[in-house]
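Taken in sequence, the protein lines are chains V and G. Read in order, the letters of the first sequence correspond to residues 1 to 267 in the UniProt record's numbering. Read in order, the letters of the second sequence correspond to residues 1 to 205 in the UniProt record's numbering.
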Amino acid sequence: MDVIELSWWQLALAAMMVVVLAACTFAMRLGMGRSLLVAALRTVIQLALVGLVLEALFAAERLVWVVLMALAMLLIAGREVMARQKRRLLGGWAFGIGTLSMFLSSFTVAVLTLTVVIGPEPWYRPQYAIPLLGMLLGNTMTGVALALDRLTDTAWRLRGVIENRLMLGEPWQVAIGDIRREAMRSGLMPMINAMAAAGVVSLPGMMTGQILAGTAPSLAVKYQILIMFAITLGTGFGTLAAVAAGSRRLFDSRERLRLDRLSAPRS
Amino acid sequence: MSEECLRLDRVAIGELAEASLDVEPGEIVCLSGASGSGKSRLLRAVADLEPHEGEVRLGEQAQAQTPGHTWRRQVMLVPAESHWWAETVVEHFFHEPEAAELEALGLAPDALAWQVGRLSTGEKQRLGLLRAVSREPGALLLDEPTANLDDATSKRVEAWLKARIHERGWPTLWVAHDRGQIARVADRHWRIANGRLEEVDAAWT
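1) Answer with yes or no whether the minimum CB distance from Arg85 of chain G to chain V is below 7 Å.
2) Thinking C-beta only, is Ala80 of chain G closer than 7 Å to Ala147 of chain G?
3) With DSSP run on the structure shown, which of helix, strand or coil describes Trp174 of chain G?
4) Cβ atoms of Ala244 of chain V and Ile97 of chain V: under 7 Å apart, would you say?
5) Rounded to the nearest angstrom, what separates Ala198 of chain V and Gly214 of chain V at their Cα positions?
6) Determine the direct distance from the alpha carbon of Val18 of chain V to that of Ala40 of chain V, and round the result to whole angstroms.
7) If we ignore side chains and look at the alpha-carbon of each, how far apart do Thr205 of chain G and Arg258 of chain V end up?
8) Taking one C-beta from the stretch 221-232 of chain V and one from the stretch 130-143 of chain V each time, how about it: are there three or more such pairs within less than 8 Å?
9) Does DSSP put Gly54 of chain G in a helix, in a strand, or in coil?
10) Could you tell me the distance, in whole angstroms, from the CA atom of Pro109 of chain G to the CA atom of Phe94 of chain G?
11) What does a CB cutoff of less than 7 Å around Gln74 of chain G pick up in its chain, not counting 5 residues either side in sequence?
12) Evaluate the contact criterion for the stretch 145-160 of chain G versus the stretch 12-20 of chain G: three or more CB pairs, one atom per stretch, below 8 Å.
13) Going by CA-CA distance only, name the one from G:Trp85, G:Met76, G:Val200 and G:Arg118 that's closest to Val133 of chain G.
14) Which term fits Phe107 of chain V, buried or exposed, when burial requires 16 or more other beta carbons within 10 angstroms of its beta carbon?
15) Give me the DSSP bridge partner(s) of Asp143 of chain G.
16) Based on the DSSP output, what are the partners of Cys30 of chain G in its beta bridges?
17) In angstroms with no decimal places, state the Cα-to-Cα distance between residue 319 of chain V and Leu240 of chain V.
18) The alpha helix (DSSP H) with Asp201 of chain G in it runs from where to where?
19) Taking 8 Å as the limit between beta carbons, can you name the residues of its chain near Ala17 of chain G, skipping five residues before and five after?
20) By Cβ distance, which residues of its chain are closer than 8 Å to Met1 of chain G, with the 5 residues on each side in sequence left out?
21) What is the residue span of the alpha helix (DSSP H) that Arg248 of chain V lies within?
22) By the 10 Å Cβ neighbour count, where 16 or more other Cβ atoms means buried, how is Trp8 of chain V classified, buried or exposed?
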């Protein structure tokens with residue numbers, strides 16, 4: 001079975017309906033019309049560009065280009081993690097911790113999955129490497145951003161409790177222990193929900209895509225399970241690293257709580 | 001029981017410049033000064049909760065040579081407003097205090113089993129003192145320990161604290177506003193004025 005060809009006028013039909021939705025929200029003064037249109041436009045442009053990039057990448061099949069693409073994706077994800085935090089660590093730490101923890105977890109899991117589990121020839125074959133890394137980074141980014149945001153915001157709100165625990169002579173790890181656990185939880189919760197709902201409530205996107213492309217459902221399911229586990233590993237270890245480094249950075253060498261290392265929230 | 005002297009050597013934090021002060025074992029030194037003069041911040045510097053200049057020693061032990069949590073376990077700061085994080089009061093205690101201690105502070109015998117959510121400010125303050133003291137520190141830093149208490153209860157808490165401090169030999173810095181209280185508890189009285197720490201003569205109080 002071949003995939004039915006989609007032509008541009010068919011996409012234009014779908015686009016028309018988005019415009020109708022925007023017009024409706026505009027007419028009802030819901031104030032979402034503009035951002036809806038901008039986001040839709042961004043989707044078209046970004047995906048069209050990435051389509052071109054992927055075609056060139058698949059044609060070249062060179063390790064250098066795959067690595068460059070991966071690095072670009074990582075840096076953009078790092079910026080996104082930073083932008084999503086209400087009170088971020090100052091001095092480049094928000095970007096640094098987010099990017100480094102995503103690098104350590106997503107890249108390691110992606111390379112392991114490619115070399116040990118799937119084993120395409122060569123191992124960096126872009127048709128496998130780039131989509132895999134994309135899914136890993138996308139989910140790890142969400143986990144790391146949620147966890148760091150929860151960590152810094154809760155530490156700010158509960159600063160009295162943390163300091164009182166320090167005054168009673170507790171080490172910093174104990175004083176912030178509850179908050180660390182909560183940050184970890186909010187980072188992992190989306191992935192745990194996704195795994196729990198997979199196949200029952202939602203059909204995961206990659207599996208749907210493979211089935212549409214003519215893969216037998218049983219094989220698509222195997223791939224989906226593999227991807228789910230890889231994403232969980234990436235998100236889990238990424239969140240773990242980010243929470244560990246982020247909470248350490250909230251204290252100095254004398255185990256004092258240093259909220260002056262956080263930025264003021266943007267209004 | 002420690003019996004060690006608490007020595008502040010040119011401690012400077014914020015507006016407060018170079019405060020030097022020795023507190024003998026079992027001695028209570030009261031600190032007073034206008035709001036915002038830096039009394040609480042001086043205590044925070046002594047407990048090493050904020051970056052500061054100068055050196056603090058407890059006996060032979062120097063603050064800078066001791067890990068933060070070890071230092072604070074010995075030089076125990078009790079803030080004016082205590083914070084509680086677990087469900088019930090008793091979860092915040094390492095060693096359960098004796099019933100006599102609760103009674104001396106005017107608390108009911110079952111106070112340890114109470115839910116944290118229904119404590120009044122006065123109860124929180126007294127339980128906060130008890131929580132800190134029951135960790136057996138080597139020195140005490142009290143930030144307005146009776147700020148939320150009525151007169152009768154204040155005097156009870158003062159008497160209890162004074163007895164404990166003398167019995168255990170804790171050098172104590174006690175931030176207080178009330179002249180009457182200072183006269184009752186202080187062995188010496190220092191005041192922060194214009195960013196300096198100065199001793200107040202006994203006749204002055």
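For each residue, glycine too, the CB sits at the ideal point set by N, CA and C. Note that the coordinates shown come from a computational prediction; the quantities given were computed from them, not determined experimentally.
According to the data block:
1) Looking at the sequence itself, residue 85 of chain G is Trp, so the reference to Arg does not match. Chain V contact via Cβ: present.
2) yes
3) strand
4) no
5) 20 Å
6) 8 Å
7) Any reading at Thr205 of chain G must be qualified, since the residue scores a pLDDT of 46, below 50, and its modelled position is unreliable; the value itself is stated next. One C-alpha to the other measures close to 38 Å.
8) yes
9) strand
10) 18 Å
11) Leu58, Pro137, Gly138 and Ala139
12) no
13) G:Met76
14) buried
15) G:Val175
16) G:Trp174 and G:His189
17) With chain V represented from 1 up to 267, any question about residue 319 of chain V goes unanswered, as that position is not in the structure.
18) Per DSSP, Asp201 of chain G belongs to no alpha helix (DSSP H) and is neither H nor E.
19) Gly195 and Arg196
20) Legend: pLDDT at Met1 of chain G = 48, less than 50; position of this residue unreliable, value from coordinates given subsequently. Arg168 and Gly169.
21) Pro217 to Arg249
22) exposed
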